[in-house]
Structure formats: C-alpha cells, structure tokens
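The structure appears right after this line, and notes come after that.
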C-alpha cells in the first residue's frame with residue numbers, strides 16, 4: 001500500500017499521514033490526530049520515493065506534549081481539544097463499525113515487528129479501529145525491576161532506567177531520522193522523569209502505525225477500576241463508558257492507539273490491570289464499544305487441544321465457545337486470562353486468537369456458538385475439545401463420620417483455609433469427606449503446613465504416620481470463632497486430615513459432556529490403560545469439564561493418554577526392542593516398512609525408543625530412524641544396561657504407553673517381566689522362558705497381569721505367527737472346556753520327519769535341515785525335545801493345569817552317547833552311527849501305512865502332558881504336512897467329534913516376527929486405536 005506525507009494547514013498540536021488517494025473525504029485539518037510512520041516516504045534530498053522494509057523512516061509533522069498536574073495526577077496530553085469538535089459529535093458511536101486489535105510485547109518487540117503491526121492495522125477494512133498495545137517485549141519486566149530497585153533505595157535503578165531508554169532509543173533510530181528522531185527521543189526522557197515521580201506508567205512508548213490519521217489514548221484517562229485485592233481489580237463499566245465517550249468525542253480519529261495494562265481508580269490514582277492486563281484492556285474497551293470483534297495477536301497459530309510442549313501432536317482448534325475457553329484458561333491452558341473472556345461474553349463479541357508471525361493461519365475463534373465443530377475432531381460428536389493441566393498442587397483430604405448432616409461444615413473448613421491465605425482451586429465432596437486442592441509451590445508448602453497446624457490446634461493428635469493424622473477433640477481455641485470451632489470439633493470426631501503433596505489437575509473440557517454417554521468412561525478407560533491412578537474427581541453441573549487429580553509425576557503421561565484416546569492425536573506406543581538378532585532385526589524391518597501405512601490408515605504411531613542387545617544398546621528421545629537402525633547401532637551404541645534401557649523407554653513422558661518387546665530366548669530378560677508390568681510397562685515376547693519357567697513365578701506374573709491394565713502378550717511363544725494362544729484363550733473365555741491338545745509344535749522337527757522317508761538316513765535329513773537354516777546352530781537344541789516341552793507346558797498352563805516343566809516326560813532324539821559331545825560339529829560327525837534305530841522304526845511304520853511324527857500332547861482330563869515320537873495313519877491331518885508347517889488339534893466339549901485344527905508355518909524369522917508385530921497391533925487396539 002502506497003502512502004505519502006501530506007502537509008496541510010492545521011493546529012500546531014495535530015499530526016497525521018494520508019493515503020494516496022485518501023480513504024476519508026473529511027478535511028484532515030479539522031482533526032486532532034497523531035501519526036508516527038509511513039510505508040513509503042519521499043527522499044528529502046532527491047525527491048525520489050523509497051520503500052522501507054521495516055516501519056519506514058516515519059516523519060512527525062508536528063507534536064506538542066503538554067503536562068499538567070490535577071488531583072495529584074501527572075499525565076501527557078497529545079492534542080488541544082476545541083469546543084466545536086465536541087459539539088460536532090454529540091454521541092459515542094458503537095457497534096460493528098469498531099474492531100479491536102491487541103498486540104502483545106512480542107508483536108511490538110522490534111522495528112520490523114512494529115512495521116508488521118502497522119500493515120495489519122491498515123489491512124483491516126473496518127470503519128473504525130481501536131488498537132491496544134503492550135510494552136515492548138521484556139519492558140514490563142524491566143519496569144518491575146526498576147521500581148523494585150528504586151523502592152528499596154538501590155541506586156542501580158539509574159542503570160535500569162538507562163537500559164529501558166536504550167531499548168527504545170535503538171528501535172526509534174531504526175524507524176525515524178533527523179528532527180523526527182530528536183523529537184521522539186525527548187518524549188521518553190520526559191516520561192522517565194514522570195515515571196521517577198509516580199512509578200506507575202508501564203504502557204508502551206512505541207505505539208506506531210502508518211497511512212491513516214490516528215489518536216493516542218492514555219487509558220488511565222478512560223479505564224476506571226475498583227481494586228478488590230492486591231492481585232485483582234474490577235472494571236467500573238459505567239464510569240469507564242462515560243469517560244470513553246467523552247474521549248472519543250474529543251478525538252474522532254478512525255484509528256485509536258491505546259495503552260494496554262494501565263488504568264485509574266475513581267480517585268484518579270494510576271493503577272494496573274495486573275499481569276495479562278493488556279488482553280483485559282482490549283476486552284473491556286471492546287465491551288464498551290460493543291465492537292464487531294476483538295483480535296488478540298500472539299506468537300502461536302491459535303488455541304491448542306493441549307499444551308504442545310507436552311503433547312507434540314496437539315492440534316489447533318478452529319472454534320471454542322466462551323465457556324470452553326474460560327474453563328481451559330482457569331485450568332492452566334495458555335489461552336486467555338479467564339477475566340478477559342467475561343466482558344466480551346456479555347455482548348457476544350467474538351475473540352480471534354491469531355499469530356502475527358503466520359498470517360496464513362486462520363487462528364481460533366472464541367464465540368457464543370461455535371460454527372462447524374466437526375472440523376476439530378470426528379469422534380464423540382466433538383463433545384471433548386481440549387485438555388489442560390495445573391501442576392504443583394496439594395490435595396487436602398478432610399474425612400470423618402462427624403461431617404454428615406452438620407450445617408456449616410464446609411464454611412468452617414474453608415474459613416480455616418482462608419485464614420491462612422491458601423487458595424482453593426477444586427473441591428470434591430462426598431457424604432463423609434471433603435477434598436480440596438490448592439497451589440503447592442515452595443511458598444505454598446508453608447501454607448499447606450499452616451492449614452494442617454490451624455486445624456490441629458483444636459485437636460489432640462492420637463496417631464501420626466506417613467499418610468494420615470487421626471484426631472480426637474481437644475480443648476477450646478479462642479483464635480477461631482465459637483461457631484466454626486464447635487462445628488469443626490464435631491466434624492473431627494473419628495476423623496482424619498490428610499495432605500497429599502505434589503499433585504496435578506487434569507481437566508477435560510468440552511461442550512455438554514455430561515449429557516453425552518461414554519465421555520467419562522472413555523476418559524477413565526484411557527487413564528487406566530496408561531496405568532494412571534486417580535486421587536479425586538470433580539464434574540460441575542455446567543457440563544463443561546471433568547477434572548481429575550493425579551500424581552504430578554503421572555500428569556504428562558496422563559495428558560498424552562487421554563489426548564490420544566479422544567483421537568486428537570495418534571495412538572502412540574513407545575517401544576523398546578530387546579534382542580536385535582534374527583527375529584528382532586526382522587521385526588524392526590517390518591516396523592519400518594509398515595510405519596507410514598499404520599499412521600495413515602489406523603492412526604497408530606509406533607516409536608522405537610531404544611534397541612538393546614547383550615553387549616550394546618542405542619537410545620532415542622523421540623524415536624529411532626528405522627531406515628538406518630543398523631548404521632546408528634554401529635555409530636552411537638553404548639554399553640548395554642537393561643535397567644537403564646527400561647527406565648529410558650518408560651520414563652519418556654511424551655508417550656503415555658510403553659511396551660518392551662523381548663525377542664531373545666534369555667531367562668534373565670524374562671525374569672524382569674514382573675517388575676516391568678508392575679511399573680506399568682506392557683510386555684510382548686516370543687520368549688518361552690517366563691511362561692514355561694517355575695510355576696510359582698508364572699502364577700505370580702499372570703496374577704499381576706490380570707489385576708492391572710498392563711498387558712502381557714505372548715502369541716509367538718507357540719506356533720510363531722499362528723493364532724494358537726489366542727484360539728485357546730477364545731475357547732476358554734467363551735465357556736468351552738478343553739479336553740485334549742495335540743500337535744506338531746516344532747517347525748524344525750516337522751521338516752525333518754516330513755522328509756524322513758523312503759531310504760533316506762536320519763542324519764542326512766538333519767544335515768539338510770541345518771544347512772537350510774531350519775535348526776538351531778546346534779541341532780541337539782531342537783532334537784532334545786526341550787523346546788517342544790516348553791510349548792506343551794505353556795498350553796497346559798493356559799488350559800488350567802498347574803504343571804512344572806519337569807512334569808513333562810520328553811523323548812529325546814539325541815542318542816545318549818552324543819549328548820555330551822563338546823561341539824555341534826562332533827555331534828554331526830557321529831550322528832550317522834545311530835541312524836539304524838530310527839530307520840527301522842520308520843520302515844516299520846511305513847509297512848503299516850503310517851508315518852512318524854514328533855508331537856506334544858496336553859491331556860487336560862488326566863492333568864498330564866508328554867513329548868514323544870508317534871505313528872499316524874497316512875490319512876491323518878498330521879501326516880499331510882509339508883515343509884516346516886505346524887499343526888495343532890484342539891479337542892473340546894464343542895469340538896469333540898471333529899477337533900479344531902490350526903495349521904500353517906510355525907518357524908522362521910518372518911512369521912515369528914509377524915506374530916510379535918500382530919501382538920503389538922493388538923496392544924494398540926486395546927489402548928484406543930481403531931480396529
């Protein structure tokens with residue numbers, strides 16, 4: 001937009017700049033106006049037009065600062081006001097002709113940013129605009145420091161003044177030049193002299209815009225407030241409206257630049273609107289003008305569904321109701337101060353939160369009736385909008401039978417709390433107890449102790465332990481009113497007072513949650529599945545929030561869990577992979593290949609936070625790049641430490657759900673499962689050692705898993721990727737009774753006996769299987785039958801049998817003389833010497849139309865199991881196998897005549913890793929991902 005300075009005859013107190021062509025047809029000389037900058041100015045020396053990338057080299061045509069003292073007030077007046085001007089505008093114009101903008105300190109922080117502010121103001125086509133500006137970035141803090149030093153007689157306040165002056169001088173030197181700069185620099189110096197006398201002006205000295213006539217408003221002349229406490233003031237709307245009307249009539253510019261944060265009392269004593277006061281200033285002035293809209297310009301794209309520093313997947317909300325925004329603000333969300341919302345809500349004036357650094361972002365609109373809420377989220381009909389938290393709180397629990405039915409109990413309790421200056425944030429009440437929350441900072445720890453002391457003054461302590469204080473009535477207390485004392489004396493009979501420090505509030509905010517089925521159930525289900533314990537609950541009848549109290553250490557994890565559960569972000573799993581060998585490495589590759597599809601189609605985000613082997617490990621805070629995990633393992637590996645590894649994965653608060661995947665066959669790793677589950681870490685494994693180990697340890701592990709929301713999945717322990725465990729559990733859960741389980745559980749032995757036919761020697765087939773990679777490095781590990789026995793014991797225990805591994809008789813296929821061979825090679829060299837026995841048994845079976853198969857059996861009826869070589873007719877399903885397939889037959893009361901058969905590949909890294917991957921996705925589904 002092109003503008004130029006236009007000099008016309010006018011009073012010496014007036015100054016202005018016009019557009020070319022001017023947007024207003026009125027004679028500018030009739031106005032008393034202020035303008036401080038322009039987009040393009042004429043070069044005084046060459047007469048050429050130059051563009052400015054910052055706010056330009058603005059020129060002040062004329063200015064006059066007039067100071068006068070009235071009622072002990074010192075203030076600056078920008079222009080002389082004539083009687084004719086006052087008569088010309090007999091009433092205050094209000095309504096949609098006005099829009100209000102508020103720019104914070106960050107927006108006014110540099111000359112370039114001030115240029116952006118001017119551009120934004122000029123781009124608003126509303127007929128009249130009121131612009132509220134804060135002090136430049138950090139200036140308010142500098143002023144507070146200056147005042148504190150001066151009030152304490154610290155002479156360093158002089159250098160503090162210099163620092164403030166230099167900050168503004170530097171900015172002015174980038175915006176102005178020549179006489180304009182000289183005149184501007186005089187004004188701050190005079191204002192600082194004023195500041196030294198009254199110590200009160202924290203307003204901005206750099207409210208700048210260009211291209212349109214404007215007036216500067218010192219809001220101390222307009223906004224009148226009544227102090228109600230040291231930290232709060234209440235606006236006097238009636239008196240403020242009178243003063244605003246008078247001011248506007250004397251200063252009829254289309255653009256008004258107003259100072260934020262400052263005001264006056266009815267006695268004309270300067271004061272402030274406290275922290276976040278500039279937003280409050282804008283809201284009050286919007287209400288007085290009944291403006292079309294108020295826009296709060298900040299450095300974020302809008303209001304987030306949760307704190308983005310805690311929930312990286314938080315989304316910008318397009319709309320919020322006034323009530324939702326108020327609830328979020330009250331419970332700690334960085335939206336607006338709750339008091340800012342009240343003035344505009346009364347007149348249904350929309351508030352728009354926008355980012356001055358990203359003008360393409362539409363921002364968040366706070367209004368009476370949000371439009372098209374479904375843009376924000378799709379589940380639960382957009383009932384839940386966002387989440388907010390408050391930390392550093394103490395939960396005070398007052399409980400006892402003496403509280404029931406006694407009038408005045410709450411008054412007495414909270415009166416006692418008020419006497420020590422403690423702030424109550426939330427109240428939860430039941431028949432025999434009352435709970436309330438208050439801030440718990442280093443200072444407030446004293447307050448909490450005082451609450452307890454004051455209450456204890458009227459009681460004799462009977463028992464004191466780490467958690468509860470049990471009390472009985474004692475003598476009178478003159479420091480508390482007779483009425484309160486008598487009530488508390490009755491209340492505290494058979495009572496306990498408990499102070500729980502280090503708590504946090506998690507508030508779930510949304511429109512009409514109380515009237516929507518399933519919201520509370522979904523919320524608490526998400527918390528339970530994240531292993532979060534809730535200490536107190538409150539839900540108001542306004543239907544706008546559900547509030548829970550948690551341990552502070554659990555707060556971020558809880559926030560992530562509920563945010564994910566309501567589909568405001570992906571269901572995220574923080575994973576630790578133990579054993580990146582054949583199976584673990586294959587799993588990592590499968591995760592890499594499927595990650596994008598899982599995010600896009602199922603909203604599941606799987607983050608591998610660590611990979612550890614027996615010697616080295618790699619860790620990441622946000623997730624390892626699986627496209628190069630092998631390279632990272634070589635470049636950044638550290639010494640393996642399983643405890644450190646588990647702690648790292650679990651204590652990353654950015655992800656609420658943690659799972660450790662054990663892809664080893666290590667007994668030591670399996671011994672950690674109980675501790676991990678106890679800490680809320682889910683466990684997934686193909687490792688058979690835990691479920692086939694000592695019975696008492698197994699029962700303890702399963703009991704813990706059933707009593708918690710922590711999951712333990714082990715489908716791949718039997719049959720690799722085949723649905724054997726899940727099929728068995730499904731039968732039992734639906735009321736079927738297992739009678740008999742029989743199967744070929746070893747892919748290695750399945751391959752060997754599928755190919756051990758005709759005239760082939762047993763040792764020849766074993767050697768072939770070893771070369772093909774079907775056997776362990778030492779084939780005796782497969783041929784001993786121990787692995788099959790572990791699978792049998794796992795299925796037996798799943799069926800309800802309490803058997804030890806030693807209870808299972810196992811027919812070993814390793815000849816007795818070869819069991820002590822020192823190496824696998826020696827074993828293979830001597831194995832042909834023992835082929836005769838098995839060859840004769842095979843030939844005998846074939847002569848009878850049968851085949852040999854190595855099977856495991858669970859006889860549930862007789863409560864026993866076995867692992868042995870059996871003969872089956874060639875028509876039997878077990879005789880029809882090929883390759884390394886497994887087959888398992890379940891005989892039950894429902895499947896008695898025709899057993900339920902599960903058949904398929906039961907060995908190999910791909911299918912085993914696939915079975916583990918399936919368990920991971922099952923866990924994600926349990927935690928809230930769509931199925």
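Residue numbers (the UniProt record's numbering): 1 to 931.
For glycine and all other residues, C-beta sits at the position ideal for the given N, C-alpha and C.
In the DSSP assignment, what are the bridge partners of residue 365?
Residue numbering aside, residue 365 sits at position 365 when the chain shown is read from its first letter. Residue 365 is bridged to 319, 352.
Taking buried to mean at least 16 other C-beta atoms within 10 Å of its own C-beta, is residue 575 buried or exposed?
Here residue 575 is taken as the residue at index 575 of the chain shown, counted from 1. Answer is buried; the Cβ neighbour count reaches 16.
Nearest residue (CA-CA) to residue 803, options 759, 763, 847, 859
On the chain shown, position 803 is the one that residue 803 refers to. Answer by Cα proximity: 859.
Please state the DSSP three-state secondary structure of residue 428.
Counting from one through the chain shown, the residue named residue 428 turns up at place 428. Reduced to three states, the DSSP call for residue 428 is strand.
Between which two residues does the beta strand (DSSP E) containing residue 740 stretch?
Here residue 740 refers to the residue found at position 740 of the chain shown. Residues 738–744.
Per DSSP, cross-strand counterpart(s) of residue 605
Here residue 605 refers to the residue found at position 605 of the chain shown. Note: residue 605 sits in a beta bridge opposite 572.
Rounded to a whole number of angstroms, what is the C-alpha to C-alpha distance between residue 227 and residue 240?
On the chain shown, residue 227 is found 227 positions in, with the first residue counted as 1. On the chain shown, residue 240 is found 240 positions in, with the first residue counted as 1. Each residue's alpha carbon lies about 15 Å from the other.
Along the chain, which unbroken stretches of the alpha helix (DSSP H) at least 4 residues long are found entirely within the segment 682–767?
689–692, 695–707, 724–733, 747–755
Report buried or exposed for residue 919, applying the criterion of at least 16 other Cβ atoms within 10 angstroms of its Cβ.
Numbered from its first residue, the chain shown carries residue 919 at position 919. Answer is buried; the Cβ neighbour count reaches 16.
Closest by CA to residue 518, which one among 566, 344, 505?
Taking the chain shown and counting its residues from 1, one reaches residue 518 at position 518. Ranking the options by Cα distance to residue 518, first place goes to 566.
Helix or strand or just coil, what does DSSP make of residue 889?
What you label residue 889 is simply residue 889 of the chain shown in a count that begins at 1. In this structure, residue 889 counts as strand in the three-state DSSP scheme.
Does DSSP classify residue 84 as helix, strand or coil?
Within the chain shown, numbered from 1, the residue matching residue 84 stands at position 84. Note that residue 84 has pLDDT 37, beneath the 50 cutoff, so the model's placement of it is unreliable and no number is given.
Could you tell me which whole beta strand (DSSP E) segments of length 3 or greater appear in the segment 623–673?
657–662
In chain order, each alpha helix (DSSP H) run of at least 4 residues that lies wholly inside the segment 820–872
824–830, 835–847
Look at residue 356 and residue 134 and say whether their C-beta atoms are less than 8 Å apart.
For the purposes of this step, residue 356 is taken as the residue at position 356 of the chain shown. For the purposes of this step, residue 134 is taken as the residue at position 134 of the chain shown. Against a cut-off of 8 Å, the Cβ pair of residue 134 and residue 356 comes out as no contact.
Quick one: what does DSSP say residue 267 is sitting in, helix, strand or coil?
Within the chain shown, numbered from 1, the residue matching residue 267 stands at position 267. Three-state result, residue 267: coil.
Among 865, 247, 120, nearest to residue 103 - alpha-carbon criterion:
Position 103 of the chain shown, counting from 1, holds the residue named residue 103. Of the candidates 865, 247, 120, the one whose C-alpha sits nearest the C-alpha of residue 103 is 120.
Can you tell me whether residue 754 is buried or exposed, with buried defined as 16 or more other CB within 10 angstroms of its CB?
Translated into the one-based positions of the chain shown, residue 754 becomes position 754. When all chains shown are included, residue 754 counts as buried.
Check whether residue 502 and residue 552 have beta carbons under 8 Å apart
As a position in the chain shown, residue 502 is number 502, starting the count at 1. As a position in the chain shown, residue 552 is number 552, starting the count at 1. Yes, Cβ-Cβ distance for residue 502 and residue 552 is below 8 Å.
Under the three-state DSSP convention, the category residue 411 falls into
Numbered from 1 along the chain shown, position 411 holds the residue referred to as residue 411. Residue state, collapsed to three classes: helix.
7 Å Cβ shell around residue 530 - same chain, five flanking residues per side excluded
To locate residue 530, count along the chain shown from 1; it is residue 530. So the qualifying residues of the chain are 557, 558, 561, 656, 657.
Can the beta-carbon of residue 750 be found closer than 8 Å to that of residue 744?
Within the chain shown, residue 750 is the residue found at index 750, counting from 1. Within the chain shown, residue 744 is the residue found at index 744, counting from 1. Yes. Within cutoff.
Whose C-alpha, out of 578, 335, 688, is nearest the C-alpha of residue 644?
Looking up residue 644 in the chain shown gives position 644. Taking only the C-alpha atoms, the option nearest residue 644 is 578.
What are the boundary residues of the alpha helix (DSSP H) that residue 811 is part of?
As a working note, residue 811 is residue 811 in the chain shown. Element bounds for residue 811: n/a, residue is neither H nor E.
Paired residues, beta bridge with residue 392 - DSSP:
Taking the chain shown and counting its residues from 1, the one referred to as residue 392 is at position 392. Per DSSP, none; premise fails for residue 392.
Measuring CB to CB, does residue 499 end up less than 8 Å from residue 394?
Mapped onto the chain shown, residue 499 falls at position 499. Mapped onto the chain shown, residue 394 falls at position 394. Contact flag set, yes.
In chain order, what residues of the same chain have a beta carbon less than 6 Å from the beta carbon of residue 343, not counting five sequence neighbours either side?
The count along the chain shown starts at 1 and reaches residue 343 at position 343. The residues are 283, 284, 287.
Looking at the structure shown, is residue 775 part of a helix, part of a strand, or coil, going by DSSP?
On the chain shown, position 775 is the one that residue 775 refers to. Three-state DSSP puts residue 775 in coil, outside helix and strand.
Through-space distance from residue 144 to residue 74, alpha-carbon basis:
By 1-based counting over the chain shown, the position of residue 74 is 74. By 1-based counting over the chain shown, the position of residue 144 is 144. Its pLDDT being 29, under 50, residue 74 is placed unreliably by the model, and the measurement read from it follows with that caveat. The alpha-carbon atoms of residue 74 and residue 144 are separated by roughly 20 Å.
Looking only at its own chain, which residues have a Cβ that is under 8 Å from the Cβ of residue 266, when we skip the five neighbours before and after it?
Indexing the chain shown from 1 puts residue 266 at position 266. Cβ neighbours of residue 266 beyond the five flanking positions: 224, 226, 236, 239.
Which class does residue 357 belong to by DSSP, given the choice of helix, strand or coil?
For the purposes of this step, residue 357 is identified with residue 357 of the chain shown, where counting begins at 1. Of the three classes helix, strand and coil, the one that applies to residue 357 here is coil, per DSSP.
Quick one: residues in its chain with C-beta nearer than 6 Å to the C-beta of residue 662, no 5 flanking neighbours on either side, listed in chain order?
Taking the first residue of the chain shown as position 1, residue 662 is located at position 662. Cβ neighbours of residue 662 beyond the five flanking positions: 578, 669, 685, 687.
Tell me which same chain residues have a C-beta within less than 6 Å of the C-beta of residue 367, skipping the five on either side of it?
Taking the chain shown and counting its residues from 1, the one referred to as residue 367 is at position 367. Here the set comprises 350.
Would you tell me roughly how many angstroms separate the C-alpha atoms of residue 827 and residue 778, rounded to the nearest one?
Here residue 827 refers to the residue found at position 827 of the chain shown. Here residue 778 refers to the residue found at position 778 of the chain shown. One C-alpha to the other measures close to 9 Å.
To which residues does DSSP link residue 538 through a beta bridge?
As a first step, residue 538 is located in the chain shown; it is residue number 538 there, counting from the start. Residue 538 pairs with 547.
Environment of residue 912 [buried if 16+ CB atoms lie within 10 Å]:
Along the chain shown, read from residue 1 onward, the residue named residue 912 stands at position 912. Classification of residue 912: buried, given that the 10 Å Cβ count is 16 or more.
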